[in-house]
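Below is one structure, written out as structure tokens, with a few remarks after it.
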Amino acid sequence: MKRFILLPILAIAVLLASALALFSAEPGEKRAAAEKSKAGADQTKKYARPTDPALYVGSETCKTCHEDIYKNFEGTAHFVTRLEGKFAGHKGPEWQGCEACHGPGKDHVDGGGDKTKIFTFKNATAQESSARCLDCHRNGEEHSNFQRSEHLKNNVGCVDCHSPHHAAVEHALLKEGQPKLCYGCHLEVKPEFSRPFHHRVNEGLIACSDCHNPHGGFLSRQLRSTAAQDVVCYNCHADKAGPFAFEHAAVKTEGCVACHTPHGSANPRLLKRSQINLLCLECHTLTVDSAAPAIPSFHNQAQKYQACTLCHVAVHGSNSDQFLFKP
Amino acid sequence: MTRMTHSLISHISCRAAMVFLGALLCGFAVTAQSIVELQPTTGVSVDPTRKSPVGLTSTTTEDNGGLSTGGYLVKQTAEVGGRISDFSGNELMWDTLVNLGSGVRLLEYSLNLHSPTHGGFLFDDLSFSNFGYGGDPNDLTRLRFSKGKLYNFEGIFRRDRNVFDYNLLANPLNPATSVPDVPILNSPHQLFLTRRMSDYNLNLFPLSIVRFRLGYSHNIQQGTAFSSVHEGTEAQLVQPTLNITDNYHFGVSVRALPRTSLNYDQFYTFTKGDSASTLYALPYNLAGTPPIPVDLGVSFNTAAGQPCATPILGTGFVNPACNAFFSYSRSGRNRVQFPAEQASFQSSYFPWMDLAGRFSYSKSENDLPAYDELFSGLITRTRQRSYATTGSSSAERLSVTGDFAATIHVSDRFRIVDDFRYDNFRIPGAWLLTTNSLFAATLLSTPNVFSPATCPPPFTAATCPQHSASSSADVLADAFSDFLRQERQVNTFELEYDFTRRINAFAGYRYENRDITDSTSDVQLQTFYPTLATRACTGQPIQSDGSCTTTVTSADGTYVPIQAHSLITGVSARVTDTLRLRFDTELYYADNAFTRISPRHLQRYRLRTTYKPVDWVNLSGGISILENRNTALDIGNLQHNRSYSIAAEFAPHEGKWGVDLSYDYNDIFSQTNICYVATPSPAGALSCGAPFLTGISLYAEKSHFGSGSVFLRPMRKLTATLGYTVTSTDGSTLILNPGAPSGPLTFRYHLPVAGIAYEVSKGFTFKTNWNYYDYKENSDVGPTLPRNFRGNVVTVSIRYAL
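So the protein lines, in turn, are chains A and B. Sequential numbering from 2 applies to the first sequence in the numbering used here. Sequential numbering from 807 applies to the second sequence in the numbering used here.
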């Protein structure tokens, strides 16, 4: 019952906030938006690069006013855009240096540093800012799905996690290291990794991006997969991957999360239940429409049979026993 | 590829090369120049309550501008020191959850070389870092180097020392009323494993029209694991473990057209499983001269006849008519190959449309060519005194997947997204085994091997094999096959609209179709020798030698079609420049389910909000609700997982102080109708077909998580940190065994931490950290040891910035 009350309340709250956003844009903001549009600075989602070389001034010009930012830029991987030659098949000032992201700078320089005459990421929407980044970074499986990703769909763009000029983490120019960066939004995940039995994320051994692709993918929850398109867990837990002569079918059809909570659990082996027999009985019980065989009548739960895995050792699959007694 | 080549490649010691290179580059000892900026972090920020000595990385008192030499700007830091740890309580639980011992440590090391002119000979940028060496359970080494448009390389080595002993796991919970009383103090399934994972990736010409990728991964899991086997009773086995997985990857990408990339990747994975099992211990004795060592197993419930009603006689020796093991061994080296091919593309050739697609095929093969199993002891139910099983097994996994996605930009504000996935795998498996068994009445009886000479008609001589009516076949030849297949199609169609620059929403529909087939077939050729050759050979003629042979076939199959529909919606609003709200929901319905706990109805709601009133204040909150149902007849599955979180971070720019707070309340619930057997039966239980009783498998877990940390920098050279994390969980569950405690369902886990860092001189910082660990279960212990522990770890270190 509580959730049925909660949902309308949440919906109303969001609608109110949306209405607030619709009608509360400050006059200055509206004026700035109009001026940007008038000035021709491209704010569209699909960034169409102006190709007229006359519109570009070069990064050395930018450096004269933005020296600190330029020095930082020199030390990052983006500096390759200043190197000679073609850049990913592209050539021309619209692909080089500062103006590759911020757009042509001539109007900005002629205007004495007029901020409305240059693209700034600060006030751009997630779609707008990400379009700039994706123009170069769209290729390759790592980023090619970002346009459809859960992040961008929820208005989390590239510069929400990355900072080309003020990165705290050199690699990938992140604003913060993992997992703290991810915990900033995914608040419910942090306590999971603090439970007694957990994957070693807080210890620094595993990163969120080892299992999830923050830029999206073809699978739900932006999960990665093995090369054979099986669950990502088998990248490390290869001994559970099989294929086995005797499969525990639910492991392959429902996945590891049928029995485990992968982030962390109060229960050993990251299981969903504190009593293993209940986890097994919930499927292996007499019922009219269950694919799983029921336990035999001599499995007295009040005696030793509550420890299912004491006998059924190979619960992930077996190469030698149809009852999974042996691996 | 031959096994030797595998070994050679594996043992070329890529890790050693990385360490050597790092050591070589360490020779560029430099001194710090004037203080300019903080050392960039190595890519991972860790919770100081878990990875002790660092504290908040932003609070380090050192600044390292680096030194220019050899055309590079070089920055180097090293933190060396030691840990002093002590604990009280359950040592193996300490090792399972913490495992920090005393000793010297190379806590962290980092080296960064950057060529400001991007004119380095071999590389323009190099980054090398590691932590945890010297005895920590987790250590990591990372090496990256790159040169402009030519290549970039990343290598990472990780080691995890995994000790596991949660003593309630797989514990038979022997009651104290057994005679003798044998409590099991450790989990019969302890683990003492070390996992070493190396991953190397090289990208050639990463910015060119044609790009190449090479990758190699090496994953070793090695150590000792304990297991068990059921043969009349359950004996503990020791299992030296060595599993090795090598993965090779080659890929090429071509920008065939503007904004279009075609990619091909070839993967090959090879897994070796070289684990063998033997009996762990023979702690009891059978009467004899000298006494004969024997194992009665770990399960002692004599009232239930486990291992038998009177396992130990008045003489102190084992009852020879009891289930027991003299010896057990099992070996079988399996090899698994996973070749996989993948072709993919991405294209934004048309400005109004983004396309992405992937096709993948793999056929993996698992071969276990020689399986050997030997048992000697007594299985009283069948009178088996020994058996030998040999055989082979094989399985394949054929997988075909295809993904296609399109985003159509109808206008600047309106997008149509469609995402289709086809996933088909099938796993045929086969097993051929032969088992030869010998039978006798007691552990002290010598089993007779059948021979027409020693077992003449009428086949009742004492020299014949001594069967009982329930004895299994003397010779069993079994051909078993298994087939599992799932075909799945999923299509997600969404509309996305940007109402304004501040608010956007999406709505979509997902359709999923799954077909699951699971079938088995078994053909057994069973040969029964006298005595009692007709014990399970009904209707078959007795041969001249007194034996009887029968063929038993069985087959079973399940087909489960599932069709599911989902409605997905979401709204995202940047209400003001400082306030963001995001809300999304999924409503799911399926007409069937493969398992009883898979949902037929699902509702997910997620609300996230962040508020930054000023630059240095970040407030956030989140609500995540997941509701599952499978209310089909006999199942009655209801589940929910509800999480409510808030967090606050205060980090003024001056860096003199900072506060980080978070709280989460998590409510996990599940109930499912079950049928089970228990004697004595619980009060109120109803029959669901004697001897089965109905019950509700109930699991309720309510967890509070709180975390707070403060850092203070009263002067430039001094930083102090203080933190506390606590997880408190209470819950309830159905307990069917009277000896079972609630165990992990009610616990408190306290993790306070404190630290000081003082810059002794330029580039040298003295650090000390204290971590405390307090794990306590608020439940009865059960027939085993308490699992609580407390411990302190003090880390003292010197951090150099050279």
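Even glycine gets a Cβ: it sits at the ideal position worked out from N, Cα and C. None of these values were measured; they are calculated from a predicted model.
Legend entry - Interfacial residues, the stretch 1313-1332 of chain B to chain A, with Cβ spacing under 9 Å: Arg1320, Ile1322, Asp1324, Thr1326 and Asp1328
Legend entry - Same chain, Cβ closer than 8 Å to B/Asn1594, neighbours up to 5 away in sequence not counted: Gly895, Asn896, Met899, Tyr1581, Lys1582 and Glu1583
Legend entry - Straight-line gap, B/Ala1268 to B/Gln1332 (C-alpha atoms, nearest Å): 23 Å
Inset, instruction - Can you say whether B/Gln1369 is buried or exposed, counting buried as having 16 or more other CB atoms within 10 angstroms of its CB? - result: exposed
Legend entry - beta strand (DSSP E) runs wholly inside the stretch 1229-1315 of chain B, at least 3 long, in chain order: 1281-1304
Inset, instruction - Report whether the distance from the Cβ of B/Tyr915 to the nearest heavy atom of the ligand FAD is below 7 Å. - result: No copy of the ligand FAD occurs in the structure displayed, which carries no ligand at all.
Inset, instruction - Write down the C-beta distance between B/Leu906 and B/Val1599 rounded to the nearest angstrom, noting that I regard them as a contact closer than 8 Å. - result: 5 Å
Legend entry - B/His1063 burial status per 10 Å Cβ neighbour count (16 or more: buried): The amino acid occupying residue 1063 of chain B in the given sequence is Leu; His does not appear at that position. Exposed.
Inset, instruction - Consider the Cβ of A/Pro192: report whether some Cβ of chain B lies at a distance smaller than 8 Å. - result: yes
Legend entry - Beta carbon of A/Ala239 nearer than 8 Å to that of B/Asn1049: yes
Inset, instruction - Consider the Cβ of B/Glu897: report whether some Cβ of chain A lies at a distance smaller than 8 Å. - result: no
Inset, instruction - Measure the alpha-carbon distance for B/Asn1297 versus A/Glu129 and round it to whole angstroms. - result: 27 Å
Inset, instruction - Going by CA-CA distance only, name the one from B/Asp1324, B/Phe929, B/Thr1252 and B/Arg1017 that's closest to A/His249. - result: B/Asp1324
Legend entry - Neighbourhood of B/Trp1576 by C-beta distance below 6 Å, restricted to the same chain and skipping five residues each side: Ala1560 and Val1600
Legend entry - 7 Å Cβ shell around B/Thr1121 - same chain, five flanking residues per side excluded: Ala1093
Inset, instruction - Determine, using beta carbons only, whether A/His167 comes closer than 8 Å to chain B. - result: no
Legend entry - Spatial distance of B/Pro1520 from B/Trp1463 (CA atoms): 8 Å
Legend entry - Distance between B/Ser921 and B/Ser874 (C-alpha atoms, nearest Å): 9 Å
Inset, instruction - Please name the residue in B/Gly877, B/Tyr878 and B/Gln882 whose C-alpha comes closest to that of B/Phe1570. - result: B/Gln882
Inset, instruction - Put A/Leu311 into one of helix, strand or coil per three-state DSSP. - result: helix
Inset, instruction - Would you list the one or two residues that DSSP bridges to B/Trp1576? - result: B/Ala1560 and B/Val1600
Legend entry - Completely contained beta strand (DSSP E) runs for the stretch 1319-1380 of chain B, where each covers 3 or more residues: 1354-1380
Inset, instruction - May I ask which residues mark the beginning and end of the alpha helix (DSSP H) holding A/Asp69? - result: Glu68 to Glu75
Legend entry - Segment limits, beta strand (DSSP E) that includes B/Phe1100: The sequence as given places Val at residue 1100 of chain B; Phe does not occur at that position. Its beta strand (DSSP E) spans residues Ile1098 to Val1100.
Inset, instruction - Can you grab the Cα-Cα spacing for the pair B/Tyr1578 / B/Arg911, in whole Å? - result: 19 Å
Inset, instruction - Within its chain, find whatever has a CB closer than 6 Å to the CB of B/Pro1558; leave out the 5 residues flanking it on each side and keep chain order. - result: Tyr1530 and Tyr1578
Legend entry - Backbone secondary structure at B/Val969 - three-state DSSP: strand
Inset, instruction - Would you list the residues sitting across from B/Cys1481 in a DSSP beta bridge? - result: B/Thr1500
Legend entry - Short CB-CB distance (under 8 Å) between A/Ser195 and chain B: yes
Inset, instruction - With DSSP collapsed to three states, give me the class of B/Leu1518. - result: strand
Legend entry - Near-chain B residues of the stretch 294-309 of chain A - C-beta to any C-beta below 9 Å: Pro294, Ala295, Ile296, Pro297, Ser298, Phe299, His300, Asn301, Gln302, Ala303, Gln304, Lys305, Tyr306, Gln307, Ala308 and Cys309
Inset, instruction - Put B/Pro1046 into one of helix, strand or coil per three-state DSSP. - result: strand
Legend entry - Exposure of B/Thr1357, with buried meaning 16 or more beta-carbon neighbours within 10 Å: exposed
Legend entry - Own chain residues within Cβ distance below 8 Å of A/Thr62, not counting five before or after: Gly106 and Val110
Legend entry - Cα-Cα separation, B/Val1366 to A/Phe326: 26 Å
Legend entry - Bridge partner(s) assigned by DSSP for B/Val910: B/Gly888
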